[in-house]
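Okay, structure first, notes after.
There are 2 protein chains.
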Amino acid sequence: MKGGRQREFDKELALENAMYVFWKKGYVGASLTDLTTGMGINKPSMYAAFGNKESLFISATDHYLEKYAKPANRLLHTDGVPLKQRVIDYLTAIVANQCDSSKPCGCFISMSVTEAAGETIPEKALEAISTASGFSETYLTQFFQQEIQLDNLSSQYDANDLAVYFLTLLHGTAAQSRNGKSAKQLQSIINTAVNQLSFEPDAKTNP
Amino acid sequence: MKGGRQREFDKELALENAMYVFWKKGYVGASLTDLTTGMGINKPSMYAAFGNKESLFISATDHYLEKYAKPANRLLHTDGVPLKQRVIDYLTAIVANQCDSSKPCGCFISMSVTEAAGETIPEKALEAISTASGFSETYLTQFFQQEIQLDNLSSQYDANDLAVYFLTLLHGTAAQSRNGKSAKQLQSIINTAVNQLSFEPDAKTNP
DNA sequence: AATCAAATGTACCGATCGGTACATATTTAA
DNA sequence: TTAAATATGTACCGATCGGTACATTTGATT
Numbered sequence: 379m380k381g382g383r384q385r386e387f388d389k390e391l392a393l394e395n396a397m398y399v400f401w402k403k404g405y406v407g408a409s410l411t412d413l414t415t416g417m418g419i420n421k422p423s424m425y426a427a428f429g430n431k432e433s434l435f436i437s438a439t440d441h442y443l444e445k446y447a448k449p450a451n452r453l454l455h456t457d458g459v460p461l462k463q464r465v466i467d468y469l470t471a472i473v474a475n476q477c478d479s480s481k482p483c484g485c486f487i488s489m490s491v492t493e494a495a496g497e498t499i500p501e502k503a504l505e506a507i508s509t510a511s512g513f514s515e516t517y518l519t520q521f522f523q524q525e526i527q528l529d530n531l532s533s534q535y536d537a538n539d540l541a542v543y544f545l546t547l548l549h550g551t552a553a554q555s556r557n558g559k560s561a562k563q564l565q566s567i568i569n570t571a572v573n574q575l576s577f578e579p580d581a582k583t584n585p
Numbered sequence: 379m380k381g382g383r384q385r386e387f388d389k390e391l392a393l394e395n396a397m398y399v400f401w402k403k404g405y406v407g408a409s410l411t412d413l414t415t416g417m418g419i420n421k422p423s424m425y426a427a428f429g430n431k432e433s434l435f436i437s438a439t440d441h442y443l444e445k446y447a448k449p450a451n452r453l454l455h456t457d458g459v460p461l462k463q464r465v466i467d468y469l470t471a472i473v474a475n476q477c478d479s480s481k482p483c484g485c486f487i488s489m490s491v492t493e494a495a496g497e498t499i500p501e502k503a504l505e506a507i508s509t510a511s512g513f514s515e516t517y518l519t520q521f522f523q524q525e526i527q528l529d530n531l532s533s534q535y536d537a538n539d540l541a542v543y544f545l546t547l548l549h550g551t552a553a554q555s556r557n558g559k560s561a562k563q564l565q566s567i568i569n570t571a572v573n574q575l576s577f578e579p580d581a582k583t584n585p
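In order, the protein sequences belong to chains A and B.
Residue numbering for the first sequence follows the numbering used here, starting at 379 and increasing by one per position.
Residue numbering for the second sequence follows the numbering used here, starting at 379 and increasing by one per position.
Here's what the structure looks like:
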């Protein structure tokens, strides 16, 4: 085991708290004082553990992806549940997360993407945002492709168009969550959007 | 006429340029150097003409509302055009504006609303954002109420729900615009969302 | 022409920004 | 027990933040 005084704080928990600060205030809006206060440590401890503000942000982005973005994907694959319902469950879970009052409103990634277009964020942090944003689109696109192949969805649909459509809706609910809209109100929007779409397979060509 | 040296810059144009800087970088991300450089003036001139950063932002918000938000509303009232097409025209014009390469991507108000939830913006600027954000929702809600009364839209719809639905979609396209999506891609999302909705009046009760 | 009001440019203010030097405290390895 | 290694807290760094004092320039009013 390596020598030296051992860390007095939980690194994972500190990262989680840093993520909350970035989530709420954005990259530029989150000062080191905000961050270290939220993390419950002081600056030298933060720099020793995470490098600097930019690399802390990158770690926080990864943490968000693993802890909040990826787990929702599971709901797309529940056995025995029709495609339409799985999509509703997926979107509903994400909106519930966007409105969870124990956490900042909205979506960390949506927030970061919006800020990233302003050229106020350093390069490697931009890359992390781009990767995180691309992940959901890639995943959803592949998911819909599979569903088309499984004949759960008409091949008239373009899988990527569908993915971008739902992600756009989720960017919208994220913004509306920060705008003060309730989970209930946003859920009904999700239902409206999904219910109007026809989630039917192609008509069988057998006579 | 009042005495003294006269202003060497166009105040309206300077405000417009300040608006672009806030639009691109957000309130926190836009430094006074960014702003005055974009406006083509120096700091004392800005302070003399607009007060301070906060009041400049409030003026920029008002300017955006008058120049970009309100004009789109006109498309909701084109004579002789069916409701559904008017809504498509309205949404299409806004998305085109969000993707106009001669201006910052996305929507000034959506951007500001997202930032406002982070407690990094002073109070009166928050009020301006809230007012601007509320304006579109109020306007759209009243518009759909009128259309229901004119029997262009089923009274099964709740006017405010419909307004929030479309504004959520527009918040989403604004975010996706900043995420690099093309106008073409976002237009097709708009079409998808609108075409699936039934814009029909109530069935006549006459036999 | 003289006077005064307003705009401009420079040069600066205190506060905060991200980041770090350094002394001290704590731990393991030798 | 001692030495090397790591963590912590204080106190600070230069740069930038929003904002302004002040001297100068300009132009309308008298």
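Glycine included, each C-beta is placed from N, C-alpha and C at the ideal position.
- Distances from the alpha-carbon of A/S555 to those of A/L518, A/I466, A/G381 and A/Q476 put A/Q476 closest.
- Secondary structure at B/P449: helix, using DSSP grouped into helix, strand and coil.
- Note that the C-beta distance between B/F577 and B/K462 is below 8 Å.
- Around the beta carbon of A/P422, fewer than 16 other beta carbons lie within 10 angstroms, which makes this residue exposed.
- When 7 Å is used as the limit between beta carbons, B/G404 is near these residues of chain A: E493 and G496, in chain order.
- Under a criterion of Cβ atoms nearer than 7 Å, the residues of chain B adjacent to A/C483 are, in order, A495.
- Within the stretch 453-521 of chain A, the alpha helix (DSSP H) runs of at least 4 residues that lie entirely inside it are, in chain order, 461-476 and 486-494.
- For B/K559, the C-beta contacts it makes with chain A under 9 Å involve V542 and T546, in order along the chain.
- By the C-beta criterion, the stretch 500-512 of chain B is judged not to be in contact with the stretch 496-515 of chain A, since fewer than 3 inter-stretch pairs fall below 8 Å.
- No Cβ of chain A is located within less than 8 Å of the beta carbon of B/M417.
- Here A/Q565 has T470 and V473 as same chain residues with Cβ atoms under 7 Å from its own Cβ, once five neighbours each way along the sequence are excluded.
- About 18 Å separates the CB atoms of B/G496 and A/G550; that is not less than 8 Å, and the two are not in contact.
- In this chain, A/L531 is not harboured by any alpha helix (DSSP H), its DSSP state being neither H nor E.
- Residues of chain A whose Cβ lies closer than 8 Å to the Cβ of B/I466 do not exist, since the nearest Cβ in that chain is about 15 Å away.
- Counting along the chain, the unbroken alpha helix (DSSP H) around A/F400 starts and ends at K389 to G407.
- Residue nearest to A/D529 within the set A/F486, A/P460, A/S560 and A/E505 is A/P460 (criterion: CA-CA distance).
- Counting along the chain, A/P422 sits inside the alpha helix (DSSP H) bounded by residues K421 to F428.
- Residues of chain A whose Cβ lies closer than 9 Å to the Cβ of B/T551 are, in chain order, T546, H549 and G550.
- When the five nearest sequence neighbours on each side are left out, the beta carbons in the same chain lying within less than 6 Å of the beta carbon of B/A537 are those of T519, F522 and Q523, in order along the chain.
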